[in-house]
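Residues in the sequence shown are numbered consecutively from 542, following the numbering used here.
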Amino acid sequence: MSTPTQRHTKSRKRIRRGAINLKKIALFKCPKCKKPIRPHIVCRECGFYRGQEVEKIRVPKALRRTKAKEDKKAAKQADKKAKKRTDKKTIKN
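See below:
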């Protein structure tokens with residue numbers, strides 16, 4: 542294989558590389574979570590493809606912990622509200 546004998550100018554090199562460009566990625570909305578996804582690919586947000594759950598999305602541990610704490614707080618608040626409602630009913634009777 543031969544080696545180039547002369548240097549290519551900057552403009553010649555840039556003209557040649559001008560044709561090598563990036564193409565726009567076609568995106569559309571996921572029918573379930575409405576996030577933008579690429580066609581023919583499973584949604585990374587919800588794990589659905591063509592209306593069926595294909596894969597379960599693994600949530601990082603840090604997020605799982607905060608989600609569990611939020612769920613516990615919500616459960617406690619619901620319990621408090623339920624107790625208040627029952628207390629009011631017993632007072633009225």
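Just so it is clear, CB atoms sit at the ideal spot from N, CA and C, and this is done for glycine as well.
As the structure is a prediction and not an experimental result, all values here were calculated from the model.
Asked: Closest by CA to cysteine 571, which one among Asn562, Arg557, Cys587?; Found: Cys587
Asked: Beta-carbon separation of phenylalanine 589 and lysine 573 under 7 Å?; Found: yes
Asked: Per DSSP, glutamine 593 is paired with what?; Found: Tyr590
Asked: Quick one: grab the DSSP three-state call for isoleucine 578.; Found: strand
Asked: Given a cut-off of 7 Å on the beta-carbon distance, is the pair alanine 567 and proline 580 in contact?; Found: yes
Asked: Going by CA-CA distance only, name the one from Arg585, Thr607, Ala609 that's closest to arginine 599.; Found: Arg585
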